[in-house]
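Protein chains in written order, with my numbering: chain S, 51 to 310; chain G, 879 to 1100. Written out below as structure tokens is the structure these notes cover.
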């Protein structure tokens, strides 16, 4: 049998996992396309409805549905990356029977798929927004992209760290699983940090997600700013879990493979 | 050649460590078909998994420049939610096969495994025999230096047993096999040499008949 180098093996494994995962998620009976859109769409409709019922013009110069959509699309991308990465090992244990398949490959694959799914959901949102004639113009496209991809990397870091630690301490992944969804309410998705009273502002800025959302919103809308974003803070939140996760992973890889 | 150097493998249990291999150094020469014998729980399957690169010694090294198949056995190895066809595709892809080769593999595995309609159903509804047939049929498609087989030949009806034994015999003209089996006639038929795993030790015998004799003696003692 031909010897292949590790990069060739890695890329064929990622491709195989990618196609397998796409097939199970978006197979004919799974309605995967629908669910990919549903979460964000549902939230935008609910909060846009609530907002217009309460007060019409609390955010002058900003299309509130667009504000919500950018926030929820970003948040759900992060949430799905974390959740899918956390469960990647246990969903694929049988495939570790092939020595080419390393556990981290399953996380990388899921990470790529979630980015792809979010991108597709974003395109659908854009199409709808253009159709109903909402203003979707972006102040600083590059900064928005930086925010989105950094947020994705942050999700990867948390997901990897949780997956590795959770293999040995199941409680840990359960805790992460429970707190992820409520994070939605304290991450400056349906409001800006600016609009909060000073006391709450200080508290919410301990949440790295709030910084990411401020970065994305502030770079998207010309009426908003990114003054509250502490880049150093989110840098630590991204790279400490990433390096710890990778470090523990290299130590534990064999145990994860053999643990099935 | 497979070289084990100071290999120690144990499982932690509530009553201390259970040793599968305790500081074993052993060389298994090339070009011999090896039968692996041992009582239940002696660690035959663990040994196969270590040779297949999906389990690891606690200390020591196992070295070989040969290629090994995945361990074929009754226990798992397939993702339950995927169909037989999808699993074949998946395995071909991780070995870097082209789409054309994948189609060939599907045809040949489908024919060999005699799964019929089950080939397009999720693996979780397969019986263990059906899984082994799929696994074994798939492995025939690849050119490994060593096939790693755990009891697979004893599944299925008589016809299928004969068929897979013949397929294996043809296959091992070009490669070698590491075979765990409790069936002495099968071992004598397929294997040249033997390994007996017992009490944290493994010993290599050049003649399978010698290995079987040692194994019988162990069984009588206990």
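Even glycine gets a Cβ: it sits at the ideal position worked out from N, Cα and C.
CA-to-CA distance, residue 891 of chain G to residue 923 of chain G, given in whole angstroms: Answer to the nearest angstrom: the Cα atoms are 18 Å apart.
Members of the region 62-88 of chain S that neighbour chain G once the beta carbon cut-off is set at 9 Å: 62, 63, 65, 66, 67, 69, 70, 73, 74: these are the residues of the region 62-88 of chain S whose beta carbon lies less than 9 Å from some beta carbon of chain G, given in chain order.
Test: residue 931 of chain G CB closer than 9 Å to a CB of chain S: So yes, residue 931 of chain G belongs to the interface.
Distance between residue 97 of chain S and residue 235 of chain S (C-alpha atoms, nearest Å): Whole-angstrom Cα-Cα distance: 12 Å.
Residue 66 of chain S classed as buried or exposed, judged by whether at least 16 other C-beta atoms fall within 10 angstroms: Residue 66 of chain S comes out buried.
Continuous beta strand (DSSP E) stretch holding residue 236 of chain S: start and end: In the DSSP annotation of this structure, residue 236 of chain S is not part of any beta strand (DSSP E), being labelled neither H nor E.
Neighbouring residues, chain S, relative to residue 959 of chain G (Cβ below 8 Å): Near residue 959 of chain G (Cβ distances below 8 Å), the residues of chain S are 74.
Beta-carbon contacts of residue 194 of chain S that lie in its chain and below 7 Å, excluding the five residues immediately before and after: Hits under 7 Å: 188, 266, 269, 270.
Sequence-distant residues of the same chain with beta carbon closer than 8 Å to residue 227 of chain S, five excluded per side: Excluding sequence positions up to five before and after residue 227 of chain S, its CB lies within less than 8 Å of the CB of 133, 136, all in the same chain and listed in chain order.
Min CB distance residue 226 of chain S to chain G below 9 Å: For residue 226 of chain S, the answer is no, since every Cβ of chain G falls outside 9 Å of its Cβ.
Below-9 Å beta-carbon distance, residue 144 of chain S vs any chain G residue: It does; some Cβ of chain G falls within 9 Å.
contact_flag[the region 57-74 of chain S, the region 156-170 of chain S] where n(CB pairs < 8 Å) is 3 or more: With the cut-off at 8 Å, the region 57-74 of chain S and the region 156-170 of chain S touch.
C-alpha gap between residue 930 of chain G and residue 93 of chain S, whole angstroms: Roughly 49 Å between the two C-alpha positions.
Alpha helix (DSSP H) runs contained entirely in the region 924-1012 of chain G, provided each spans 4 or more residues: For the region 924-1012 of chain G, whole alpha helix (DSSP H) runs of length 4 or above, ordered along the chain, are 962-972, 977-991.
Cross-chain neighbours of residue 151 of chain S in chain G, by beta carbon under 8 Å: Counting only Cβ-Cβ distances below 8 Å, residue 151 of chain S has contacts in chain G at 972, in chain order.
Nearest residue (CA-CA) to residue 901 of chain G, options G/1004, G/1013, G/887: The candidate whose alpha carbon is nearest that of residue 901 of chain G is G/887.
Residues that residue 964 of chain G contacts on chain S, provided the C-beta gap is smaller than 7 Å: Residues of chain S with a Cβ closer than 7 Å to the Cβ of residue 964 of chain G are, in chain order, 70, 73.
Residues sharing a beta bridge with residue 1080 of chain G, DSSP: Bridge partners of residue 1080 of chain G: G/1075.
Cβ neighbour criterion (16 or more within 10 Å) applied to residue 1028 of chain G: Its Cβ being crowded by 16 or more others within 10 Å, residue 1028 of chain G is buried.
C-alpha distance - residue 85 of chain S paired with residue 170 of chain S, whole-angstrom precision: Answer to the nearest angstrom: the Cα atoms are 12 Å apart.
Closer than 9 Å to chain S by CB, residue 885 of chain G: No, residue 885 of chain G does not count as interfacial toward chain S.
At least 3 beta-carbon pairs within less than 8 Å: the region 250-265 of chain S vs the region 118-129 of chain S: A contact exists between the region 250-265 of chain S and the region 118-129 of chain S.
Run of the beta strand (DSSP E) containing residue 1061 of chain G, from where it starts to where it stops: Counting along the chain, residue 1061 of chain G falls outside any beta strand (DSSP E), and DSSP gives it neither H nor E.
Nearest-angstrom beta carbon gap, residue 1026 of chain G and residue 940 of chain G [assumed within contact, 8 Å]: Not confirmed; about 13 Å, so no contact.
Interface positions of the region 284-310 of chain S facing chain G (Cβ-Cβ less than 7 Å), listed along the chain: Of all residues in the region 284-310 of chain S, 304, 307, 308 have a Cβ within less than 7 Å of some Cβ in chain G.
Beta-carbon proximity check, residue 1016 of chain G vs residue 966 of chain G, cutoff 9 Å: Cβ atoms of residue 1016 of chain G and residue 966 of chain G: closer than 9 Å.
The beta strand (DSSP E) enclosing residue 887 of chain G, as first and last residue numbers: Residues 880-891.
Cutoff 9 Å: residue 148 of chain S Cβ touching any chain G Cβ: When Cβ-Cβ separations below 9 Å define contact, residue 148 of chain S makes contact with chain G.
Within the region 209-278 of chain S, ranges of the alpha helix (DSSP H) (whole runs, at least 4 residues): As summarised for the region 209-278 of chain S, the continuous alpha helix (DSSP H) elements at least 4 residues long and confined to that stretch are 220-230, 248-254, 258-270, given in chain order.
Inter-residue CB distance, residue 118 of chain S and residue 240 of chain S (contact presumed, cutoff 8 Å): Confirmed, Cβ separation roughly 6 Å.
Nearest candidate by alpha-carbon position, reference residue 969 of chain G, set S/181, S/128, S/147: When only C-alpha atoms are compared, the closest one is S/147.
Sheet register partners of residue 897 of chain G (DSSP bridge): By DSSP's assignment, residue 897 of chain G forms a beta bridge with G/888.
Residue(s) in a DSSP beta bridge with residue 1024 of chain G: Under DSSP, residue 1024 of chain G takes part in a beta bridge, and its partners are G/946, G/1054.
Interface residues of the region 222-255 of chain S facing chain G [CB-CB below 7 Å]: Answer in chain order: no residues at all.
Between the CA atoms of residue 205 of chain S and residue 156 of chain S - distance to the nearest angstrom: Across the structure, residue 156 of chain S and residue 205 of chain S are spaced so that their CA atoms are roughly 15 Å apart.
Chain S residues whose Cβ lies nearer than 7 Å to that of residue 969 of chain G: For residue 969 of chain G, the residues of chain S that pass the 7 Å Cβ criterion are 148, in the order they occur in the chain.
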